[in-house]
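Here the structure is laid out as structure tokens; the discussion comes afterwards.
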Amino acid sequence: MASVQSVQRAFAILRALSSSPMGVTQVSNIVGLPKSTVARLLAALEEENAVVQESSGGKYGIGDGLLDVVTNLPPGRHIISFARPFMTSLAEELGETVGIGIREGDSIYYLDHVGPDTEVRVRDWTGHSAPLHLVPSGLVALAHLEKAELVNYLEGPLTRNTANSVTDPVALQVKVDEVRKAGYAWGLEEFAEGLNSVAAPITDSRQSVVAFLHAHGPAYRFPGARKTADLGPRLQEICQDLGNRLA
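Everything in the sequence shown is counted per the numbering used here, starting at 5 for the first residue and increasing by one.
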């Protein structure tokens, strides 16, 4: 148990230092530990380059060793632990699959999903990608692009998956404008026949889009009696709450 306590104390110190560099006494006051304990843990963290001392006897700050661990994670992986509880709650609320994805170039890459407790489910897209213009998460991503980047995408080849796929550049521009205004996007059998989906962006404290949350289900039951105009804002609420956790 002593080793567990040491880990907990080390993380308390790291959280304190994440706001700004500080000395042993200041850290001790914040985390409520004796200065001797703080000094010992800081020395151990410094050996792993998790913290770095600015000068002899000076303040400590977060070191490159800890940053390397974070930056070497696959894109978006750090957000999954935050998103999982929200995804599970929404999946239970809707009775449909809820997933999270990030933009990778001209595609949406799906990071994770939570399925409903029903016999009929849609396939798991985790680890797969989809063109931006064919899925709601991608439409939201397009709505957040700079004008020149969006124009460049619209001029590229726009693949068609179903009869409902929007592949005309003018029509797609109109759709993206509507998504930008609404703040969320619907896809009604545009990516795959029999599959409907809705998505909204997750933003950080700087209002930068970091990921996309979506819910999807079989067209015969989703959205069903629920109004698309209600589900979009509901997803936005979840994304706002999740984004606040990332702040």
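Glycine included, C-beta positions come from ideal geometry on N, C-alpha and C.
| query | result |
| --- | --- |
| Strand pairing of residue 102, partner residues [DSSP] | 118 and 219 |
| Cβ pair residue 165, residue 196 closer than 8 Å | yes |
| Close beta carbons around residue 5, own chain, < 7 Å, minus the five adjacent residues each side | Its pLDDT being 48, under 50, residue 5 is placed unreliably in this model, and the value from its coordinates should be taken loosely. Excluding residues within five positions, none has a Cβ falling inside 7 Å. |
| Residue burial classification, residue 85 (beta-carbon count within 10 angstroms, cutoff 16) | exposed |
| Best match in 208, 55, 213 and 219 for proximity to residue 25 [C-alpha to C-alpha] | 55 |
| For residue 208 and residue 202, believed in contact at Cβ under 8 Å, the rounded distance | Between residue 208 and residue 202 the Cβ distance is about 22 Å, and since that is not below 8 Å, they are no contact. |
| Closest by C-alpha distance to residue 186, when choosing among 66, 144 and 219 | 144 |
| Cβ-Cβ separation, residue 112 to residue 133 (assumed contact under 8 Å), whole Å | 6 Å |
| beta-carbon residue 113 near the ligand NAD non-hydrogen atom, thresh 7 Å | This structure simply doesn't include the ligand NAD, nor any ligand for that matter. |
| Segment limits, alpha helix (DSSP H) that includes residue 30 | 28-35 |
| At least three beta-carbon pairs within less than 8 Å, the segment 12-22 to the segment 38-46 | yes |
| Residue 189 to residue 204 span [Cα, whole Å] | 7 Å |
| Boundaries of the beta strand (DSSP E) in which residue 154 is found, first to last residue | Segment 151-159 is the alpha helix (DSSP H) holding residue 154; no beta strand (DSSP E) there. |
| Where the alpha helix (DSSP H) containing residue 22 begins and where it ends | No alpha helix (DSSP H) holds residue 22; DSSP gives it neither H nor E. |
| Sub-8 Å separation of residue 200 and residue 218 beta-carbons | no |
| Other residues of its chain near residue 95: CB distance less than 6 Å, five sequence neighbours each side excluded | 102, 118 and 120 |
| Whether residue 99 touches residue 140 by CB criterion (8 Å) | no |
| Inter-residue Cα distance where the pair is residue 57 and residue 242 | 40 Å |
| Member of 136, 162 and 64 whose CA lies at the smallest distance from the CA of residue 183 | 136 |
| Check whether residue 154 and residue 146 have beta carbons under 8 Å apart | yes |
| Buried versus exposed call for residue 108 [16 or more other C-beta atoms within 10 Å across all chains shown] | exposed |
| Own chain residues within Cβ distance below 8 Å of residue 68, not counting five before or after | 53 and 56 |
| Chain-order list of residues whose beta-carbon lies under 6 Å from that of residue 250 (same chain, five-residue window excluded) | 208 |
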